[in-house]
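Take a look at the structure set out below.
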Amino acid sequence: MGKLVVLTLLGASLALIGERLLTFRERFSSTREIKSTEPQHCHLIEGLENGSEDIDILPSGLAFISTGLKYPGMPNFAPDKPGRIFLMDLNEQNPKAQALKISDGFDKESLNPHGISTFVDKDNTVYLYVVNHPHMDSTVEIFKFEEQQRSLIHLKTITHELLKSVNDIVVVGPEQFYATRDHYFTSYFLVLLEMFMDFQWTYVLFYSPREVKVVAQGFSSANGITISLDQKYVYVADVMAKNIHVLKKHDNWNLTQEKVIQLETLVDNLTVDPATGDILAGCHPNPSKILVYNPEDPPGSEVLRIQDTLSDKPRVSTLYINNGSVLQGSSVASVYHGKMLIGTVFHKALYCEL
Ligand SMILES: [Ca+2]
Ligand SMILES: [Ca+2]
-10 MGKLVVLTLL
0 GASLALIGER
10 LLTFRERFSS
20 TREIKSTEPQ
30 HCHLIEGLEN
40 GSEDIDILPS
50 GLAFISTGLK
60 YPGMPNFAPD
70 KPGRIFLMDL
80 NEQNPKAQAL
90 KISDGFDKES
100 LNPHGISTFV
110 DKDNTVYLYV
120 VNHPHMDSTV
130 EIFKFEEQQR
140 SLIHLKTITH
150 ELLKSVNDIV
160 VVGPEQFYAT
170 RDHYFTSYFL
180 VLLEMFMDFQ
190 WTYVLFYSPR
200 EVKVVAQGFS
210 SANGITISLD
220 QKYVYVADVM
230 AKNIHVLKKH
240 DNWNLTQEKV
250 IQLETLVDNL
260 TVDPATGDIL
270 AGCHPNPSKI
280 LVYNPEDPPG
290 SEVLRIQDTL
300 SDKPRVSTLY
310 INNGSVLQGS
320 SVASVYHGKM
330 LIGTVFHKAL
340 YCEL
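Taking the working numbering, the leading residue of the sequence shown gets -10, the next gets one more, and so forth.
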């Protein structure tokens, strides 16, 4: 009897591991062949060489770009340089990227910026919220943007026991935001185990000074987050599950699932086209090539546009795809008046005219 139980348990464990291996391989497979599709007028942006993980464009056309992310398991071409925030004015004929000065009193050396989100107050003051990983921890930094001085004034560092392994945020009011947690564990070995076993223990958090709570959970790895133009729906990318969750926002800030848009590529950051409300998704078409980086056979880049998000059949089209010969590891795309910026986790950034 004892042997039978042992054999049954062993068989069940092997079946589980086999099933996990297949799913894992399918998720990270690099076999997809990529035929480049890109707008005619694109060029790499000078000065952005070490990642541009997230990009947020103000209604005025000023684009904020977070650069220099150091993230366990991801390549980094400048491990000794602190991260920086760059600005581009997309109203200019030939926009240039310019690093923003950061006010004294903030530890600039430990800036390791990840997801970002802007917020414009009633008095038109612009705030930039930055997910930061100082010493691989997770904080949210609030900066006030001084347009004339091209600088960021540091106002506040937010920490909270639920703000762990934060990937991206979307600000919805003064000091109110949703944030995604992309891993449950923090040690690299356990993160690998978590990815392999697909525990689905990651979540979306709502933060305000009065209340902090988990508002959506059960994601393999919650990554990019943004909000619809009418502020009624929150869009969350589950990168490992290759899908986008459309969540309805309620008056108490809770979120309920409206639908899931399944894709065939790993989805990183999301933005919304201010002209149409379409979702733009920065995607990883061959993720295994990011985890095991080889400059001779680099990971590609992919940007998708999702139209009619709330309809029964959202339409998905490719705005940009490249096999890595130009752009590697795209994580975000953002548009303004026929111009598109594409950022990457660790590589360069692209400017396109659509
Ligand atoms: Ca973002
Ligand atoms: Ca991300």
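Backbone N, C-alpha and C define an ideal beta-carbon position, used for all residues, glycine too.
Measuring CA to CA, which of D171, P163, A264 is closest to E183?
The residue labelled residue 183 in the question sits at position 194 within the sequence shown. That would be D171, whose Cα lies nearest to the Cα of E183.
Would you call the region 271 to 287 and the region 235 to 247 touching, i.e. three or more CB-CB distances under 8 Å?
No, the region 271 to 287 is not in contact with the region 235 to 247.
Taking K302 as the reference, which of S323, Q251, H336 has the closest Cα?
Counting from 1 along the sequence shown, the entry for residue 302 is found at position 313. With distances taken between Cα atoms, K302 lies closest to Q251.
Would the C-beta of N258 count as close to ligand 1, meaning under 7 Å from any of its heavy atoms?
The sequence position of residue 258 within the sequence shown is 269, counting from 1. Within the cutoff, so yes.
Quick one: what does DSSP say I233 is sitting in, helix, strand or coil?
For the purposes of this step, residue 233 is identified with residue 244 of the sequence shown, where counting begins at 1. I233 falls in the strand class under three-state DSSP.
Which residues in the same chain as I233 place their Cβ atom closer than 8 Å to its Cβ, once the five residues preceding and following it in sequence are excluded?
As a working note, residue 233 is residue 244 in the sequence shown. Excluding sequence neighbours, I233 sits near Y224, V225, A226, D227, V249, I250, L252, V256, L259, I268, A270, I295.
My assumption, with CB atoms under 8 Å, is that K133 sits in contact with L151. Please give the rounded CB distance.
Within the sequence shown, the letter at position 144 stands for residue 133. Within the sequence shown, the letter at position 162 stands for residue 151. With 8 Å as the limit, K133 and L151 do not qualify as a contact, their Cβ atoms being about 25 Å apart.
When you compare only the Cα positions, how much space is there between G162 and S154?
Here the question's residue 162 lines up with position 173 in the sequence shown. Here the question's residue 154 lines up with position 165 in the sequence shown. Distance between the alpha carbons of G162 and S154 is about 22 Å.
In terms of alpha-carbon separation, which member of F75, N113, V109, A86 lies closest to L100?
As a position in the sequence shown, residue 100 is number 111, starting the count at 1. Per the Cα distances, F75.
When you compare only the Cα positions, how much space is there between S127 and C341?
By one-based count along the sequence shown, residue 127 stands at place 138. By one-based count along the sequence shown, residue 341 stands at place 352. Cα-Cα distance, rounded: 32 Å.
Assign F185 to one of three DSSP states: helix, strand, or coil.
Here residue 185 refers to the residue found at position 196 when the sequence shown is read from its first residue. If DSSP states are grouped into helix, strand and coil, F185 belongs with the helices.
What is the residue span of the beta strand (DSSP E) that F208 lies within?
Residue mapping note: residue 208 aligns to position 219 of the sequence shown, counting from 1. 201 to 208 is the extent of the beta strand (DSSP E) around F208.
Relative to the C-alpha of N311, which candidate in F108, G289, G50 has its C-alpha closest?
Locating residue 311 in the sequence shown gives position 322, counting from the first residue. Comparing Cα positions, the closest option is G289.
Excluding the 5 residues preceding and the 5 following R139 in the sequence, name in chain order all residues of the same chain whose CB lies nearer than 7 Å to its CB.
Within the sequence shown, the letter at position 150 stands for residue 139. Taken in chain order, the residues that qualify are L76, Q87, L89, K90.
Buried or exposed: V68, going by 16 or more other Cβ atoms within 10 Å of its Cβ?
Sequence index remark: in the sequence shown, residue 68 carries index 79 (1-based). Per the sequence presented here, residue 68 reads as Pro, with Val not at that position. Label assigned to P68: exposed.
Using C-beta distances below 6 Å, list every residue in its chain close to S209, excluding the 5 sequence neighbours before and after it, in chain order.
In the sequence shown, residue 209 corresponds to position 220, counting from 1. So the qualifying residues of the chain are D187, Q189, D227, M229, A230.
Please identify the residue among I105, K59, H30, P28 whose C-alpha is closest to the C-alpha of T215.
Along the sequence shown, one-based indexing puts residue 215 at 226. Among I105, K59, H30, P28, the Cα nearest to that of T215 belongs to I105.
If you drop the 5 nearest sequence neighbours on each side, which residues of the same chain put their C-beta closer than 6 Å to that of P84?
Here residue 84 refers to the residue found at position 95 when the sequence shown is read from its first residue. For P84, where only same-chain residues beyond five positions count, the Cβ hits under 6 Å are M77, D78.
Under a Cβ-count criterion, where at least 16 other Cβ atoms within 10 Å of its own Cβ denotes burial, should G327 be classed as buried or exposed?
By 1-based counting over the sequence shown, the position of residue 327 is 338. G327 should be labelled exposed.
When you compare only the Cα positions, how much space is there between Q246 and V193?
For the purposes of this step, residue 246 is taken as residue 257 along the sequence shown, with counting starting at 1. For the purposes of this step, residue 193 is taken as residue 204 along the sequence shown, with counting starting at 1. Straight-line Cα distance between these residues: approximately 12 Å.
Cβ of A211 within 8 Å of Cβ of T169?
On the sequence shown, position 222 is the one that residue 211 refers to. On the sequence shown, position 180 is the one that residue 169 refers to. Yes. Within cutoff.
Between K70 and the rest of its own chain, which residues show a CB-CB distance below 8 Å, the 5 nearest in sequence each way excluded?
What you label residue 70 is simply residue 81 of the sequence shown in a count that begins at 1. N39, G57, listed in sequence order.
Examine ligand 2 and report whether any of its heavy atoms sits within less than 7 Å of the Cβ of N156.
Counted from its first residue, the sequence shown places residue 156 at position 167. Result yes, Cβ under 7 Å from ligand 2.
Please identify the residue among G7, D110, D43, Y196 whose C-alpha is closest to the C-alpha of V324.
Translated into the one-based positions of the sequence shown, residue 324 becomes position 335. Nearest C-alpha to V324: D43.
Buried or exposed for N156, please, with buried defined as at least 16 other CB atoms from any protein chain shown within 10 angstroms of its CB.
One-based indexing of the sequence shown puts residue 156 at position 167. Buried is the call here.
For V334, which residues in the same chain have their Cβ closer than 6 Å to its Cβ, ignoring the five residues on either side in sequence?
As a first step, residue 334 must be located in the sequence shown, where it is residue number 345. Counting only Cβ-Cβ distances below 6 Å, and skipping sequence neighbours, we find G40, E42, M63, G318, S320.
With C-beta atoms as the reference, is H103 less than 8 Å away from V120?
In the sequence shown, residue 103 corresponds to position 114, counting from 1. In the sequence shown, residue 120 corresponds to position 131, counting from 1. Going by C-beta atoms, H103 is nearer than 8 Å to V120.
Within this structure, are the beta carbons of I34 and L339 separated by less than 8 Å?
The sequence position of residue 34 within the sequence shown is 45, counting from 1. The sequence position of residue 339 within the sequence shown is 350, counting from 1. A contact, by the Cβ cut-off of 8 Å.
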